[in-house]
Every structure is written in structure tokens, then in C-alpha cells.
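So the structure is just underneath, and the comments pick up after that.
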Amino acid sequence: MLSHAAGVGDPLDDAMVRLIMVLKINSLARGFSGIRLSVIEALIALVNAGVYPLIPAKGSVGASGDLAPLAHLSLTLLGEGKARWQGEWLPAQTALKKAGLEPVALAAKEGLALLNGTQASTAFALRGLFEAQELFASAVVCGALTTEAVLGSRRPFDARIHAARGQKGQIDVARLFRHLLTDTSAIAESHHHCHKVQDPYSLRCQPQVMGACLTQLRQTKEVLLAEANAVSDNPLVFADAGEVISGGNFHAEPVAMAADNLALAIAEIGALSERRIALMMDKHMSQLPPFLVKNGGVNSGFMIAQVTAAALASENKALAHPHSVDSLPTSANQEDHVSMAPAAGRRLWEMAANTRGIIAVEWLAACQGIDLREGLTSSPLLEQARQTLRERVAHYTQDRFFAPDIECATALLAQGALQRLVPDFM
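Note that the numbering used here numbers the sequence shown so that position 224 is 225, with each residue one more than the last.
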């Protein structure tokens with residue numbers, strides 16, 4: 002246990018540690034791990050008492066399980082290492098004492114049962130999935146807002162188009178847009194007889210692109226739900242047959258591939274949003290003032306905010322590199338193929354933060370664009386989305402310190418301000 006606790010990097014936050022602990026408890030409770038009920042109950046007591054082991058973020062390759070993170074977790078059970086209790090880092094022995102708990106003495110097989118498993122990898126990817134769901138919903142709302150701001154057509158969301166293709170994700174996303182946009186609005190009526198034939202792809206192909214992303218989210222959910230309820234240590238004990246069998250359930254390849262696919266979706270959600278922001282900057286495409294501000298010779302408007310969005314989208318392209326194909330052998334080539342699932346899951350957090358920043362800029366820009374359609378309103382739900390922002394961020398009449406507005410919009414997104422406007426889609 003002591004030698005395996007070799008992780009490095011910043012400590013994981015309490016919520017992540019708690020999720021790893023709960024996943025480990027759930028796996029052990031399946032009854033194939035050769036561990037006493039009293040040890041599982043000791044883990045449950047740690048969670049309930051709010052004693053959180055210090056687990057460094059880095060040090061696992063996702064096979065043979067998440068050895069280093071789970072070793073750091075398990076040390077606290079023994080009264081070793083450090084733990085966080087009531088917001089304070091303490092020697093584990095002290096944290097246990099303050100919480101009214103006692104260290105555990107392990108018996109045969111129990112060290113392996115605690116150390117081996119994919120719980121850290123799964124927890125990392127689950128956090129990425131939860132964030133991706135919020136980003137997806139927020140991006141759909143902002144995409145609908147932008148469609149209104151630039152006088153886009155509702156026709157590309159016609160159910161018949163998507164039924165003809167038969168891609169379920171695409172069909173469902175088109176339905177979400179119809180729900181948000183409704184049949185018409187004052188803005189839509191203002192250009193009902195315009196001569197535009199086709200909108201740019203970043204508007205017209207939103208169901209196709211976001212539908213593909215939704216499919217990835219759903220597939221990732223299926224894989225991670227199975228893994229969250231899996232027995233992934235080794236060897237496994239089949240008590241009814243009186244057998245102990247060594248296998249490879251500790252290999253986190255399913256989690257790594259799911260996280261890689263989720264990374265593609267998060268990157269594309271942000272990339273499409275950034276393109277819609279760029280569209281609003283172009284007066285010829287948007288029919289709005291350049292950079293969404295009047296008196297453009299004096300004011301820069303949203304010019305640099307779009308540059309920020311482009312920078313974040315570019316970062317995500319590099320971060321989307323697949324980790325599951327990047328195996329390195331360990332343990333003197335005994336563990337000659339590994340999943341890299343922890344890194345695959347952990348980078349999702351940075352990607353999600355980048356994409357949330359992009360969507361925040363689009364929300365600001367789209368609301369500004371609708372404001373500039375003076376006297377015209379959008380659909381009820383989209384007006385609600387605009388009003389939610391306007392309660393915190395004023396319309397831009399001239400240049401001002403921009404970063405606080407992006408920060409405010411980003412925080413609102415993280416709180417689910419736009420997600421709650423979208424019906425369940427998972």
C-alpha cells in the first residue's frame with residue numbers, strides 16, 4: 002500500500018475524491034472482491050464523516066487499475082498519509098481521530114481489492130460527461146439565439162429533413178431547436194419574405210453536428226454507467242464455486258475510449274459555437290453592425306472576445322488528441338498495454354472549461370445581436386435566456402472592461418442557467 006502511493010500533482014478536490022470513494026464502495030459491495038464487510042463499512046464511514054484522503058491527480062495509466070490514486074485513498078483507512086477533514090489537511094491518523102473513526106487492519110486479499118480497479122478513471126470521465134451535458138444544452142440555446150440574431154431560417158430544423166436521414170441524435174436535436182425557436186417570432190416575421198436561400202453551415206447544420214455530439218454523449222453515458230457498477234479489481238473471488246480467477250477487468254480501455262469520444266464532442270460543441278460568434282462579427286453575413294457595436298470607428302465591440310473564443314477552440318483541438326492509442330508498457334513489460342484512461346478523463350475538465358468560455362462569449366454576442374434588432378423580440382424561451390443574462394450584464398453601448406462579463410456569463414452557465422431551458426435529451 003505504501004509503495005503504491007506514488008502519485009504526483011495537485012490534490013483532487015473533495016467532490017472528486019468522494020465520487021471515487023463511492024464508486025469503490027459500489028464495486029466492492031458486488032461481492033467478488035474478497036473483502037470483509039467491515040472494511041467496506043469503514044470506507045462508507047469515511048464518506049459519511051467527510052474524511053477525504055489526499056489523492057494526487059496524476060500517476061495512473063489505467064491498468065492494472067488506478068493503483069496510485071487508490072493506494073492514496075486506501076492509506077487513510079490505515080491511518081497513513083494525509084486526509085482533509087472540515088477543510089483542513091491533517092495526518093490521516095489525526096483526521097480519523099477527530100472524526101471519531103479508527104484505522105483498519107487489513108486481512109489477506111483486501112489490499113489488492115482496495116488498490117485494483119478503474120474507479121479513478123471512471124470518476125474523471127464521469128465529471129467530464131456531467132459537464133458535457135451542461136455544455137451541450139447551453140450551446141443549443143445559444144445556437145438558437147444566434148439563429149435569431151442573424152436572421153437565420155427555421156426551415157433547416159423541419160422534422161421531415163431529419164427523419165429522411167434517420168440519425169436519432171440529429172432528429173432529437175432538431176426537435177430541441179423547434180422547441181426553443183417555436184414556429185415564429187417577431188424577429189422571424191421581420192425577414193419572412195427575405196431573399197436568402199441558405200444559411201451558413203454553422204447555423205443550418207446545427208442538428209447534424211450537435212446531433213453527432215449528442216450520440217457521443219449518450220454512448221459515453223452507457224459505457225460509464227456500466228463501469229460505475231462494474232467489478233474491476235483482480236483476481237476475482239467466485240465464492241459459490243470456491244474459485245479465485247485472475248483476469249483483466251482492471252484494464253480501463255472502455256473508459257479511455259469513451260473519454261476520447263467525449264473529447265471530440267466537447268471540442269466540436271465549442272468549435273461550432275466559435276464559428277457562430279465569428280459569423281456575428283461579419284456585418285455582411287449577420288446584417289448587424291461590425292463587431293456588434295455602434296460607432297465602430299471608436300468602439301472595438303466584440304472583436305477581441307471573438308479572438309478569445311478562437312484561442313479556446315484552438316486549445317481544444319490539441320487537447321482532443323486520443324489517449325487510448327497512446328499506450329506505454331509498464332512493470333517490466335508485464336503490463337505491456339495500458340489504457341491511459343485517467344489522462345483521457347482528466348483533460349475533459351480543461352476542455353469543458355474552454356468550451357464553456359466560448360459559449361459564454363456566444364451568449365453575450367447573441368443577446369447583443371438581438372438587442373440591436375431594436376423593437377423585435379425572439380421566442381418566449383429565448384427571451385427568457387436573454388433576460389437571464391441582461392439581469393447581470395448590461396447591453397454594450399460603448400467599450401468597457403469585457404473580462405468580467407465573460408466571467409459572469411461563464412458562472413451562470415456552470416450553474417445551469419441555460420440548461421434548464423432544454424428538455425431532457427439524454
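Each residue gets a CB set at the ideal place from its N, CA and C atoms; glycine is no exception.
Who are the near neighbours of L365 in its chain, counting only those whose CB is closer than 8 Å to its CB and skipping five residues on each side? Numbered from 1 along the sequence shown, position 364 holds the residue referred to as residue 365. Closer than 8 Å at Cβ, skipping near neighbours: F303, A306, L390, V394, D406, I407, A410.
P255 classed as buried or exposed, judged by whether at least 16 other C-beta atoms fall within 10 angstroms: Translated into positions along the sequence shown, residue 255 becomes position 254. Result: buried.
Find the nearest neighbour of A50 within the set G249, I21, R387, K98, judged by alpha-carbon distance. On the sequence shown, position 49 is the one that residue 50 refers to. Considering only alpha carbons, the answer is K98.
What are the boundary residues of the alpha helix (DSSP H) that P255 is part of? Position 254 of the sequence shown, counted from the first residue, corresponds to residue 255. Residues 254-282.
Is Y397 helix, strand or coil when you go by DSSP? As a first step, residue 397 is located in the sequence shown; it is residue number 396 there, counting from the start. DSSP places Y397 in coil when its eight states are reduced to three.
Would you list the one or two residues that DSSP bridges to F33? Within the sequence shown, numbered from 1, the residue matching residue 33 stands at position 32. Paired residues: none, contrary to the question.
Run through the DSSP bridge pairs and tell me what E89 is partnered with. Within the sequence shown, residue 89 is the residue found at index 88, counting from 1. W86.
With the cut-off set at 7 Å, would you say A344 and A253 are in Cβ contact? Taking the first residue of the sequence shown as 1, we reach residue 344 at position 343. Taking the first residue of the sequence shown as 1, we reach residue 253 at position 252. Their beta carbons are not under 7 Å apart, which means A344 does not touch A253 by this criterion.
Endpoints, the alpha helix (DSSP H) within which E132 is located: The residue labelled residue 132 in the question sits at position 131 within the sequence shown. Start and end: 120-150.
Name the residue from I21, L24, R19, G32 whose alpha carbon lies nearest to the alpha carbon of F239. Residue numbering aside, residue 239 sits at position 238 when the sequence shown is read from its first letter. Nearest C-alpha to F239: G32.
Output the distance between the C-alpha atoms of M22 and A266, rounded to the nearest integer angstrom. Here residue 22 corresponds to residue number 21 of the sequence shown, with the count starting at 1. Here residue 266 corresponds to residue number 265 of the sequence shown, with the count starting at 1. One C-alpha to the other measures close to 28 Å.
If you draw a straight line from the C-alpha of A138 to the C-alpha of L79, how long is it? Here residue 138 is taken as the residue at index 137 of the sequence shown, counted from 1. Here residue 79 is taken as the residue at index 78 of the sequence shown, counted from 1. Each residue's alpha carbon lies about 43 Å from the other.
Less than 7 Å between the beta carbons of L203 and R277, yes or no? Sequence index remark: in the sequence shown, residue 203 carries index 202 (1-based). Sequence index remark: in the sequence shown, residue 277 carries index 276 (1-based). The residue you asked about is not Leu; residue 203 is Ser in the sequence shown. Yes, the pair counts as a contact, with Cβ atoms nearer than the cut-off.
Our contact map puts R37 next to E111 with C-beta atoms below 8 Å; I'd like the distance itself, whole angstroms only. Start at 1 with the first residue of the sequence shown, and residue 37 comes out as number 36. Start at 1 with the first residue of the sequence shown, and residue 111 comes out as number 110. That pair is a contact at about 7 Å.
In angstroms with no decimal places, state the Cα-to-Cα distance between R219 and S247. Within the sequence shown, the letter at position 218 stands for residue 219. Within the sequence shown, the letter at position 246 stands for residue 247. Approximately 32 Å, taken between the alpha carbons.
Buried versus exposed call for V326 [16 or more other C-beta atoms within 10 Å across all chains shown]: Sequence index remark: in the sequence shown, residue 326 carries index 325 (1-based). By the neighbour-count rule (16 or more Cβ atoms within 10 Å), V326 is not buried but exposed.
According to DSSP, is L377 helix, strand or coil? Stepping through the sequence shown from its first residue, residue 377 is reached at position 376. If DSSP states are grouped into helix, strand and coil, L377 belongs with coil.
May I have the straight-line CA-CA distance separating Q209 from P70, to the nearest angstrom? Here residue 209 refers to the residue found at position 208 when the sequence shown is read from its first residue. Here residue 70 refers to the residue found at position 69 when the sequence shown is read from its first residue. The alpha-carbon atoms of Q209 and P70 are separated by roughly 39 Å.
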